[in-house]
Amino acid sequence: MAVACSAIAAAIALARRRQEYGGLALVFAAAAMIAVSTAPPERPTAHAGRQDAPSDILSRVRARAGRSIDATFGDDAPLARALLIADQRQIPTEMRDRYAAAGLIHMLSISGLHVAVIAAAIELFFQVARMSRRVSLYGAFIVTAIYVAIIGAPPPALRSSAMLGAAMASRIWQRPTSPWAAWAIGAFVPLYQPRTALDVGYQLSVLGMCALVAAGVVWRRHLANRLGGWKGKVGRELVTSLIACAVTAPLVAWVFGRVSLIAPLSNLIAAPIITLAQPVLFLALLAAPITALAHFFAQAVHPLLFAFDWVAWAAASTPGAAITVATTLTTAILAAVAAVSLVVACAGRFPARPAITGLAALAAMVVLPAFPSSPNGQVELHVLDVGQGDAILLRTNAGHWVLLDAGPAWQGGDAGRATVLPYILHRGGTLEA
């Protein structure tokens, strides 16, 4: 129904040049993307000749795309799968750890950067084909929405698509839109799927976009007139990277127990590489039926993927690139207060008060570890659900961990690395056995 309404609204908008119908087309297209990418609840009934649900069709298309990527990219297939269809299952554990230490792990998932680059490339294609500006915007959004639906509509991509729809609607209506309003529209995705709010990727995506908007405000108000030319371009990207890493650092520390100190620099170098590589990857996937053409694009993008992986390796190999942190609820709250204060200070017209609040929170974080809590003399038993079975740990009153069972292993990883170690790092202490 949403697809049909989207097509009708788009046709009326093009025929009558009515902007409100264009907005309806974008809204219905977004609804269709969410609807078809969400698997319906399973029911115990079955009927002969029953047609597959849209989510089943998309799953088959996604599986076929994965096979095409494997056949086209060869050794680059694990990285191409992550960047094209949000499939990280083939990425080795050591590669995942390398990207995490470099602060680039978020680039291995389909996020706002990837969706925006693909949408811009599609819009450019329509413009080169001499399509009108309105048709180019409609076409770019619809193709991007279909792509996001095919890859399963991961929460970060879903948020980015909602924000993209708002931005394109403002361009069609030729009305200015506040970046904070567009960000808020993307942050409302959990109203349809409440579980999305618990997804770490979605949380990082929302925080990262918030930091980008705040960084843009800081640059325009305080730095744009002081730096020009290439210094201005590099300075803007560096300021944006610093603020984004600072705002997302508390959540990263709380969830993963590790913070990458080199992330601002590595993101500054890696972002342009991904911006160039993503459209070529997308072209290789679209050209999969024509083997020779698909291999041509795969060979063309290989140097970019190699450079991207080299940046991750070089950043992760730098001494002190990442530090392990043991966060408590109190320090996490203080870090969150500092991050929010940073955003408010950057975006607000009166930054003094939030800046003082943020500095006070940071000072409390530094002083708090000097007053450790006294041991209670008890041994704690921790049982973790790791899928197939449980992982069992003991924690002594001195803060030492004793590992009795780490859980199962699978191709490309194990429960010890994926669940147990982050759990221990999150709560602090040392692992004895």
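Mapping of the sequence shown onto our numbering: residues 1 to 433, in sequence order. Note that beta-carbon positions come from the ideal geometry of N, C-alpha and C, so glycine has one too.
{"query": "Cβ shell of glutamate 123 (< 6 Å), same chain only, five flanking positions each side left out", "result": "Ser136, Ala140"}
{"query": "Valine 379 classed as buried or exposed, judged by whether at least 16 other C-beta atoms fall within 10 angstroms", "result": "exposed"}
{"query": "Alanine 336 versus Val247, Leu265, Val213, residue with shortest Cα-Cα distance", "result": "Val247"}
{"query": "Distance, proline 422 Cα to alanine 391 Cα", "result": "13 Å"}
{"query": "Candidates Val280, Thr240, Ala277: closest to leucine 265 by CA position", "result": "Thr240"}
{"query": "Beta-bridge pairing of isoleucine 392 - partner residues as DSSP gives them", "result": "Val383, Asp405"}
{"query": "4-residue-minimum alpha helix (DSSP H) runs that sit fully inside the stretch 129-207, ordered along the chain", "result": "133-150, 155-173, 179-187"}
{"query": "Leucine 79 versus Gln88, Leu285, Val218, residue with shortest Cα-Cα distance", "result": "Gln88"}
{"query": "Counterpart residues of valine 259 in DSSP-defined beta bridges", "result": "Ile323"}
{"query": "Buried/exposed call for asparagine 225, threshold 16 Cβ in 10 Å", "result": "exposed"}
{"query": "Beta-carbon proximity of valine 213 to isoleucine 269, cut-off 7 Å", "result": "no"}
{"query": "Whole-number beta carbon distance between glycine 208 and alanine 244, since they are thought to touch under 8 Å", "result": "5 Å"}
{"query": "Where the alpha helix (DSSP H) containing valine 366 begins and where it ends", "result": "352-367"}
{"query": "Straight-line Cα distance separating alanine 339 from arginine 171", "result": "32 Å"}
{"query": "Same chain, Cβ closer than 6 Å to threonine 196, neighbours up to 5 away in sequence not counted", "result": "Pro155, Val189, Pro190, Tyr202"}
{"query": "Assigned exposure category for glutamine 278 - 16 Cβ within 10 Å defines buried", "result": "buried"}
{"query": "Residues near valine 115 in its chain [Cβ-Cβ closer than 7 Å; skip 5 each side]", "result": "Thr144, Val148, Ala157, Ser160, Ser161, Leu164"}
{"query": "Residues near lysine 233 by beta carbon distance below 8 Å, same chain, minus five either side", "result": "none"}
{"query": "Residue from Ser178, Asn267, Arg60, Phe282 with nearest C-alpha to alanine 120", "result": "Phe282"}
{"query": "Where isoleucine 424 falls: helix, strand or coil (DSSP)", "result": "helix"}
{"query": "Cα-Cα separation between glycine 320 and methionine 107, rounded to whole angstroms", "result": "21 Å"}
{"query": "Range covered by the alpha helix (DSSP H) that runs through isoleucine 110", "result": "No alpha helix (DSSP H) holds isoleucine 110; DSSP gives it neither H nor E."}
{"query": "Beta-carbon gap between leucine 276 and leucine 304 smaller than 7 Å", "result": "yes"}
{"query": "Whole-number beta carbon distance between alanine 82 and isoleucine 91, since they are thought to touch under 8 Å", "result": "6 Å"}
{"query": "Closest by C-alpha distance to alanine 263, when choosing among Ile150, Ala65, Gly103, Gly74", "result": "Gly103"}
{"query": "Inter-residue spacing [alpha-carbon to alpha-carbon] between glycine 358 and threonine 327", "result": "18 Å"}
{"query": "Distance, isoleucine 274 Cα to aspartate 75 Cα", "result": "18 Å"}
{"query": "Counted within 10 angstroms of its Cβ, other Cβ atoms place serine 317 as buried (16 or more) or exposed", "result": "exposed"}
{"query": "Pairwise C-alpha distance: tyrosine 99 and proline 179", "result": "30 Å"}
{"query": "Contact under 7 Å by Cβ, alanine 253 with valine 325", "result": "yes"}
{"query": "Contacting residues, own chain, Cβ-Cβ under 8 Å from valine 344 (five flanking each side not counted)", "result": "Pro351, Pro354"}
{"query": "Local conformation of asparagine 225 per DSSP, three classes", "result": "coil"}
{"query": "Nearest neighbour of serine 260, chosen from Gly229, Ala63, Phe308, Ala322 [CA to CA]", "result": "Ala322"}
{"query": "Reference phenylalanine 73, options Pro408, His295, Ile356, closest by Cα", "result": "His295"}
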